[in-house]
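Below: the structure, in structure tokens.
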Amino acid sequence: MGPTFLGKDKEYMDHVYLPRQTDALTVGALFGAIYTVFIVTLKMDIVLTWRSARRTWKLGVIPFLTSFCVMFVLLSIYTVPTLETPFERFILSCNASFSNFPVICQSMMDLNLLTSELGQIAMSSAFINDLFHWVFIILMYVLINRSRPGGKHSSVLLILSFFAFTLTLLFVVRPLLLMIARRTPTGKPVRNAYVILILASVPVVAFIGDVIGISFIYGPLFYGLIVPSGPPLGSTILQKSETLVDELFLPLAWAHLGKGINLYRLGDWGSILRINTVILSGHFAKIIGCILVALTYKIRLKHGLVLGLMLNVKGIIEFIIYSRLRKMKLLDTQIYQYLVIILLLTTTIIHPIVEKLYKPYTRLDAHNSRYHPRIRLIQNTVRNPEFCMICCIHNEGNVRSMISLIEACNPIISSAICAYVVHLIELQGRSTPVLLPVDMQRRTFSSFNYPITNHIMRAFDNYKRNSNGHVTIMPYINISPYKNMHEAVCNLAQDKMVSFLIVPFHENDLPRGSQMTTFIRDLNFNFHAYAPCTQQQHPRARYRALFPRGLVLHGRARRPGGPRVGEPHVGARELADDVVLVCSKGGGGESGGG
9 MGPTFLGKDK EYMDHVYLPR QTDALTVGAL FGAIYTVFIV TLKMDIVLTW RSARRTWKLG
69 VIPFLTSFCV MFVLLSIYTV PTLETPFERF ILSCNASFSN FPVICQSMMD LNLLTSELGQ
129 IAMSSAFIND LFHWVFIILM YVLINRSRPG GKHSSVLLIL SFFAFTLTLL FVVRPLLLMI
189 ARRTPTGKPV RNAYVILILA SVPVVAFIGD VIGISFIYGP LFYGLIVPSG PPLGSTILQK
249 SETLVDELFL PLAWAHLGKG INLYRLGDWG SILRINTVIL SGHFAKIIGC ILVALTYKIR
309 LKHGLVLGLM LNVKGIIEFI IYSRLRKMKL LDTQIYQYLV IILLLTTTII HPIVEKLYKP
369 YTRLDAHNSR YHPRIRLIQN TVRNPEFCMI CCIHNEGNVR SMISLIEACN PIISSAICAY
429 VVHLIELQGR STPVLLPVDM QRRTFSSFNY PITNHIMRAF DNYKRNSNGH VTIMPYINIS
489 PYKNMHEAVC NLAQDKMVSF LIVPFHENDL PRGSQMTTFI RDLNFNFHAY APCTQQQHPR
549 ARYRALFPRG LVLHGRARRP GGPRVGEPHV GARELADDVV LVCSKGGGGE SGGG
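Numbering (the numbering used here), first residue to last: 9 to 602.
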């Protein structure tokens, strides 16, 4: 729609971009940028991301520094007329080297890698990178103000205003938002009046950010970070606004960006060639940095390459930053246009390459691959140590049947059971999937956002206390999309050397063909296909008679695409006796049957 393609026709431009329509397009694009940044940051959970980011901080620092140094040195060698001062070269090198956490999260969602190991590492690395980016933004605006008349006074005022703005959001606005979330009944959405008030305050926060001098885009960014993600508040806001922003305002923002790009006006091809060399060299330097650092974490060379490609993905936030730099006359219009084009091409090329090179079902460590031929079976477990199993729970209705099944395995002192109880929750209102142990003493995470988890884990904790030490319960919470939920559970099974996985079927009282039934059925199929300790196929109807909620037992395994290593299906009564016998033999004792 811009001047490069359809805009070459003057009659088309006169009819599509009328003066009064251009103003409306600009306002719509501004709202699109503001609400897009707010929604993307609203999905982020800083606390949970920071916990995982601390373990991979090198991947967030070293690749960025490598890319930045290469770009800055090349810009100093290859003279670009519009980037003459060291400050201008410094700004371009920094902004081109950074990886934005919201953009990487959205890219992982598009690639269906949100819960994969490499996707988790990419988001953690981008989060560390973003922390440096925010510090750099403040430093950049301070240096810009110092170069103006009365610069020292305005720089101090900028820093004080920024800290006052941040503290107000943290200690005034966030407690109010938490109070709204706590007053919302469990399982109910937040009142529409609160949602409208929060959404209406987003442009106000953007205006304040622009007034104090940190750019209008960083007000909604910080505002989105302090809003509690997940249910009830974050998920309700997304449900009410995400479709409108994605389908209406965001296309206006892209149209506004495209309107300002005209490839036919790129005249200085020498400067463009130099910028192309600098940007591509920086991207390759980041990839090499990722590969070298990944090897120190014992990640395969191939996965280090894919990680470097992931961190080179750009999105709407980078385009907004470049547009802002152009308006501040820190970037020439020609350089700005070429940067937008090369970022679009780079992102378009990276996505299919990542899809081709990386499969989310392979482990990063070569010695811990899910396709390793040594698949753990119940009969191959070591004698005497406690028998480990994973028990997946969807809701409170699965608790009684699961506890009965554990009890039927006849745990005794010489053959104790360690059950990893995983509460499976659909990811809503956040972009960061979670697999965390639940602290039954503090319960700071799940008690607020997911109160049902506390009820479930309290029931298993009471059973553990009454088992005289024969059963150990390790509670976990897994929050992820249903289509990827099996990945975290399968990784947990490998990490904990678990040979027995129990997953419930869909509830019999759910209406046939409902969406939840479809999700759970697809999840069970994924467990059949990819878990290292499950059988590929089971006739489900045979087990419903044994367990009221239809629990399915998985005791054999089959590699996807490989030979069947299970045995013929057995009825529910035969399977129950077999399970109790096997579990008791692990400690050397016999069972009386189930």
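Ideal placement from N, C-alpha and C gives every residue a C-beta, glycine not left out.
Keep in mind it's a predicted model, so treat the numbers as computed, not measured.
Short of 8 Å in beta carbon distance, which residues of its chain neighbour residue i, apart from the five on each side in sequence? Order them along the chain.
i: L265; result: A37, F327, S331, V348
i: D218; result: F224, G227
i: T174; result: F230
i: N284; result: Y346, I350
Would DSSP call residue i helix, strand or coil?
i: A427; result: strand
i: L509; result: strand
i: F224; result: coil
i: L122; result: coil
i: R28; result: helix
i: V479; result: strand
i: F170; result: helix
i: C400; result: strand
i: I269; result: coil
i: I358; result: helix
i: E19; result: helix
i: S237; result: coil
i: M493; result: helix
i: L83; result: helix
i: N534; result: helix
i: L91; result: coil
i: A553; result: Below a pLDDT of 50, predicted positions are generally treated as unreliable, and A553, at 31, falls in that range; the measurement from the model is reported next regardless. Coil.
i: G323; result: coil
i: M52; result: coil
i: N474; result: coil
i: P183; result: helix
i: K66; result: helix
i: F106; result: coil
i: R1; result: Residue 1 is absent from the model: the chain starts at 9 and stops at 602.
i: V198; result: coil
Give a yes or no on whether the C-beta atoms belonging to residue i and residue j are separated by under 9 Å.
i: R282; j: Y86; result: yes
i: V55; j: I136; result: no
i: I401; j: V429; result: yes
i: H291; j: S115; result: no
i: K294; j: N108; result: no
i: V111; j: I324; result: yes
i: L256; j: G477; result: no
i: I146; j: F170; result: yes
i: V301; j: L121; result: no
i: R182; j: V235; result: yes
i: G242; j: L432; result: no
i: I425; j: F395; result: yes
i: V150; j: S132; result: no
i: T57; j: Y305; result: no
By Cβ distance below 7 Å, which residues in the same chain neighbour residue i in space, the five residues on each side in sequence not counted?
i: S455; result: Note that S455 scores a pLDDT of 45, beneath 50, so its modelled location is shaky; the value from the coordinates is reported in the next line. N462.
i: V210; result: I42, Y43, F46, P228, Y231
i: S101; result: F76, M79, F80, L83
i: I299; result: L309, G312, L313, G316
i: E404; result: I460, H463, I464
i: G570; result: The pLDDT assigned to G570 is 37, lower than 50, so where the model puts this residue is not dependable, and the model offers no usable value.
i: E96; result: L338
What residues match up with residue i in a beta bridge as DSSP calls it?
i: M434; result: Note on identity: in this sequence residue 434 is Glu, with Met being the wrong assignment. E434 is bridged to S488.
i: F395; result: I425
i: L443; result: N486
i: I420; result: S423
If contacts are defined as beta-carbon pairs under 8 Å, then residue i and residue j qualify, I think. What distance do you get, rounded to the angstrom?
i: I350; j: I510; result: Actually they do not touch by this definition, with Cβ atoms about 51 Å apart.
i: S475; j: P419; result: 7 Å
i: A496; j: S488; result: 6 Å
i: S610; j: M52; result: Missing from the structure shown is residue 610; the chain here goes from 9 to 602 and no further.
i: Y490; j: L443; result: Their Cβ separation, rounded to whole angstroms, is 14 Å, which puts Y490 and L443 out of contact at 8 Å.
Taking 8 Å as the cut-off, is the beta-carbon of residue i closer than that to any non-hydrogen atom of the ligand ZN?
i: E125; result: This structure lacks the ligand ZN; in fact it carries no ligand of any kind.
Spatial neighbours of residue i within its chain, please: CB distance less than 6 Å, with the 5 preceding and 5 following residues excluded, ordered by chain position.
i: T192; result: V198, P240
i: V88; result: S279, R282
i: D340; result: T90
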